[in-house]
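Inspection log for the structure reproduced underneath, given as structure tokens.
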Amino acid sequence: MRFIQLLGTLLIFWTAAALPIAPASAQNGDAEQTDALGLPSSADELFTRATHALEQGTVSIRTLELLRSQLVSVRDRHAAIVNLGSVEADTLQAQLDALGPVPPSGQKEADDIAARRAELINAVADANAPVIQAKEIQFRAAALIHAIDRHIRTKTLDQLTQRFPSPVFLSTWSSAFAEIQQYQQRLQRDIQNQLARPSVSKSLGQTVPISIALVVFGLAFLFWLRFPIHRFLLRFSLQQEGGFRVILAAVLYNLSYLILPAIGLISFLAVIRIFDIQPNAARTALIAAPASALAVVLALWLGHTLFAPEQTRWRLLDLEERNAKRGLWFCLGLGIFLMLEITLEALQRDNAFGEAALSVISLPLIAAASIFLWSLAGVLRPKTPVAEPEKSEAEEADEDDETGAEEASVNPRDSGFLFTMSVLMKASAVIAFILTLAGYVLMARAAIIPMIVTLAQLGLGFMFYHLSLALVRTATKRDATEPVPILISLGLIIALVIVFAPLIAMTWGARPTDIADAWRLFMGGVQLGDIRLSLDTLLILIVVFGAGVLVTRWLKRLLRTSVLPQTRMDIGAQTAIVTGTGYVGLTLAALIAVSTAGLNLSSLAVVAGALSVGIGFGLQTIVSNFVSGIILLVERPIKEGDWIEVSGQSGYVRKISVRSTRIETFDRHDVIIPNSDLIAGTVRNMTLSNKTGRLILPIRVAYGSDLEKVKEILINAARAHYTIARYPYPFVLFIGMGDSALNLELRCYLKDVNNILTTQSDLYFTIYNELGKAGIEIPFPQQDVHFKDMEKLISALEKREEADGTPASS
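So in numbering that gives the first Met the number 0, the last one in the sequence shown is 809, and the numbering has no gaps at all.
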């Protein structure tokens, strides 16, 4: 059996870890061993006790935990000695190094130097003796800690797999009722004995009226008085406009669901203190009563925080009203289940029930918790949107008027997480119920209780996250719909993970010592060859590199907006300088960050050299494109805005990166060209040196046309267009005589070759109209068909028709 432990007033449900519950006799024996097991006078004595405890195999988990904590203390104390080292040894080693290296074999060292070297070597060994001894003790303690952890896990697993009588058999129910009846009789006898005490019987006349008043006040406060206070705080929060006052009012309204029910329950708990009746059969249950009541209060508060029925303004989960109300009731049901479980486990610590009674009592509790958990998973699970035909705006407006409100949409970023959680919740509910039917009550509790507590912890973290975002938006005067900077949002997520990850781990069985060991390992770092990665090293690395990135971006923005626009460089050269500055800045930031963090990367040089060959073969295309990109940025055979033709593609260069170049075609399509094709292939750049380009316009006229007139029309059309350059002068060439036309070409130079298509179109319009006015024909291909011996063909047809008896056609 696992007992729900309280983690603190700021932690959800206080129940994050679970300790096995042993029979009362075993617990009493543990207490005796714990008392007898004091702090050892030496590490050897502690090691001996731990070894004997492991060899016996009958020591309880509580005793093993105490041994482990003492071993951890010894290990940490001697680890500090090892890390500190010996200053005397370091000093002697420096003196020894000053004597120089030991001469190779065959060469004799001076007698005085040899004597001094031997003396210093012995002195260094003597100075390092305490450190070596501390390291030995540290390693022995670590080995015993590892063995104790393995032993504790084995014992815990044995307890979880303990099988009670199954509640599906009638014999189990009869035994359970007998055990419950015995407990009831024992409880009544204990209460009567408590009431028979003189101190209690004398004070009954005073305590009974006060207790009745407290009970009446608690009932009135829970079911009547607190609701007007809720409504008043709600109106107060809605009246606030902007700023931190809105957040403060919302927090006060939210906390009222935590504080006000707690006041009512405190009045009930005060009755126990006033009567001072603590029967032995329920002593632990009375001690755990505040924790039981707190479970219900926190469940109610968290349900109002996440779902907020009838208050869509404060609702953290994007749900419709019906599901919000259901979610609140399911949260309250899970809180009542935790309250009853805490009470049941507390009674079991007093050995109140046997295995049969525990199995029968746990069945309805776990069954109800499974139903609540399954139903809550259905509320939280995002619904897959169904594709519907598109509707006009008028139809959508009419639909909104009929329904009154739209269903709340699900955030795509949260849908995957909510779907996973809903599946885990349903699986936990089913597994817990099946295990309870099979008699594995402790394992069923271990399956469903941690899931409920984890949901509470995630809900609390979700609330803190949104509250922090609201504070950031208010401080930066951002609108509620405006997103928070990604770095702030990511920082909040990391901080919440650091806080809640240990709590969730403890909820699922991790011990505080495991968390402490993980944190110690995280802080101390991991040794990878000559490199040691620790938390401070990573923080320095991230901070310095982040500062370098920020400085690089600031410098790039300064060059792009202030410095380079004042120069005579074209846009391509400016882009090349800004891009190169970014690459150089990032490289320097990485080098400075590694150097500042104290990382020694020399040991990776050999590995990097060995891998470079394989990487070179595997990534030779990428490397080729990267080098080609650097060449393009330095030599600049093409630049952004150029019109080029390469690999059968023609368009404008829009961006040159280190791996590829993006070209925008005249069809507004983006084509990605590898940089190696631009360096190794043939590239036609129409605007590299200047934007002047030649236009060749083919013209065909009919035979017999006045060519001089045609030439005049073509020259005048070219000279009249504003995009045609005056020099070189436009001219007309007579190319040749074709099958059906005379072929001519109008050749002229454009001021800007980018206007070639529009200029060509305008010239064709003008030339066609002018040739038509001048009566000059523009021919098209045609063929004439000539028949020979037509008289013979006609006479043959006539003879055939006469033979057939039909009249000859004319």
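Where a beta carbon is used, it is the ideal one built from N, C-alpha and C, also for glycine.
For F463, there is no enclosing beta strand (DSSP E); the enclosing alpha helix (DSSP H) covers residues 440-474.
Between the alpha carbons of D641 and T574 lies a gap of roughly 13 Å. It is roughly 17 Å from the alpha-carbon of T475 to the alpha-carbon of L489. Remark: three or more beta-carbon pairs, one from each stretch, lie closer than 8 Å, so the segment 74-90 and the segment 120-131 are flagged as touching. For G545, the uninterrupted alpha helix (DSSP H) segment begins and ends at 534-557.
Restricted to the segment 279-362, the alpha helix (DSSP H) segments that are unbroken, complete and at least 4 residues in length are 282-286, 288-305, 320-348, listed in chain order. Under the 10 Å beta carbon count, P363 is surrounded by fewer than 16 other beta carbons and is classified as exposed. Comparing alpha carbon positions, the residue from D751, A773, C747 closest to L762 is C747. Pairing S646 with I678 gives a Cβ-Cβ distance that is not under 7 Å. The beta carbon of G584 is closer than 6 Å to those of T551 in its chain, skipping five residues each way along the sequence. Under the DSSP assignment, N742 falls outside any alpha helix (DSSP H), being part of the beta strand (DSSP E) whose first and last residues are 741-749. Between the C-alpha atoms of E644 and L379 there is a straight-line separation of about 56 Å. The C-beta of V86 has fewer than 16 other C-beta atoms within 10 Å across all chains shown, which makes the residue exposed.
A residue is called buried when at least 16 other Cβ atoms come within 10 angstroms of its Cβ; A49 meets this threshold and is buried. Counting only residues of its own chain and dropping the five nearest sequence neighbours on each side, S421 has a CB closer than 6 Å to the CB of A376, L379, R380. Non-local beta-carbon contacts of L454 in its own chain, meaning distances under 6 Å to residues more than five positions away in sequence, are absent.
Taken through DSSP and simplified to helix, strand or coil, N689 comes out as coil.
For Q94, same chain residues with a beta-carbon under 8 Å away, outside a window of 5 residues either side, are L119 in chain order.
Around the beta carbon of K791, a 10 Å sphere encloses fewer than 16 other beta carbons of the protein chains shown; the residue is thus reported as exposed. For the 7 Å CB-CB criterion, V270 and S210 form a contact. DSSP, read as helix, strand or coil, puts G263 in helix. Take the alpha-carbon of R718 and the one of S675: they are about 43 Å apart. Boundaries cannot be given for V167, as no beta strand (DSSP E) includes it and DSSP labels it neither H nor E. A check of alpha carbon separations from G771 across W300, V709, L470, A443 identifies V709 as the nearest.
Sorting W313, A351, W223 by C-alpha distance to the C-alpha of V245 places W313 at the top. Closest in C-alpha terms to A195, from the list A140, I179, Q277, Q161, comes Q277.
With a contact defined as Cβ atoms closer than 8 Å, Y256 and W300 qualify at about 5 Å. Per DSSP, reduced to three states, the secondary structure at M505 is helical. Assignment of beta strand (DSSP E) within the segment 638-707, counting only whole runs of 3 or more residues, yields 642-645, 648-655, 659-664, 669-673, 692-700 in chain order.
In this structure, the beta-carbon distance from A701 to E801 does not fall below 7 Å. The way I'd put it, the segment 177-185 does touch the segment 352-372; three or more beta-carbon pairs between them come closer than 8 Å.
Residue state for V731 is assigned as strand, using DSSP reduced to three classes. Rounded to the nearest angstrom, the Cβ distance from S361 to T435 is 6 Å, consistent with a contact under 8 Å. Looking at G547, V577, V548, the one whose alpha-carbon comes closest to that of S561 is V577. For E639, the number of other beta carbons within 10 angstroms of its own is at least 16, and it is reported as buried. Note on geometry: alpha-carbon atoms of F220 and I335 lie some 19 Å from one another.
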